[in-house]
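Engineer:
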Amino acid sequence: MPVIRIELSAGRTQEQKQKVAEEITQSMVAHCGCKPETVHVVFEDVKPSDWAVGGKFLGAPPT
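Written out as structure tokens, the structure reads:
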């Protein structure tokens, strides 16, 4: 059972996540021979204040 974890900045809609999950599942089926019902896709929304790139946070901490 493959589990694909996706961390991304918060703000994506459920519709966007649904499309990503569908395409990742289709890719796993096509390239790895998995059955669609065995592919798990987990989204983790990360606030910009909790994500740093190059030592700098993407957003200000909550006040």
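13 is the number of the first residue of the sequence shown in my numbering; add one for each residue after it.
Where a beta carbon is used, it is the ideal one built from N, C-alpha and C, also for glycine.
Small disclaimer: the values here were computed from a predicted structure and weren't measured.
Taking the beta carbon of Val51 as the centre, do at least 16 other beta carbons fall within 10 Å, making it buried, or is it exposed?
Structural biologist: Within the sequence shown, numbered from 1, the residue matching residue 51 stands at position 39. Buried.
Engineer: Distance check for Asp57 and Glu27, CA to CA, integer angstroms please.
Structural biologist: Along the sequence shown, one-based indexing puts residue 27 at 15. Along the sequence shown, one-based indexing puts residue 57 at 45. If I take the Cα positions, the gap works out to 14 Å.
Engineer: Do you know offhand how far Val41's Cα is from Gln30's?
Structural biologist: Here the question's residue 41 lines up with position 29 in the sequence shown. Here the question's residue 30 lines up with position 18 in the sequence shown. Roughly 16 Å between the two C-alpha positions.
Engineer: For Val129, which option in Arg24, Thr25, Gly23, Ala33 has the closest C-alpha, if you only look at C-alpha atoms?
Structural biologist: Since the displayed the chain opens at 13 and closes at 75, residue 129 lies outside it and no answer follows.
Engineer: Which residue's Cα is closest to the Cα of Ser61: Pro14, Ile16, Ser21?
Structural biologist: Taking the first residue of the sequence shown as position 1, residue 61 is located at position 49. Closest option to Ser61, Cα to Cα, is Ser21.
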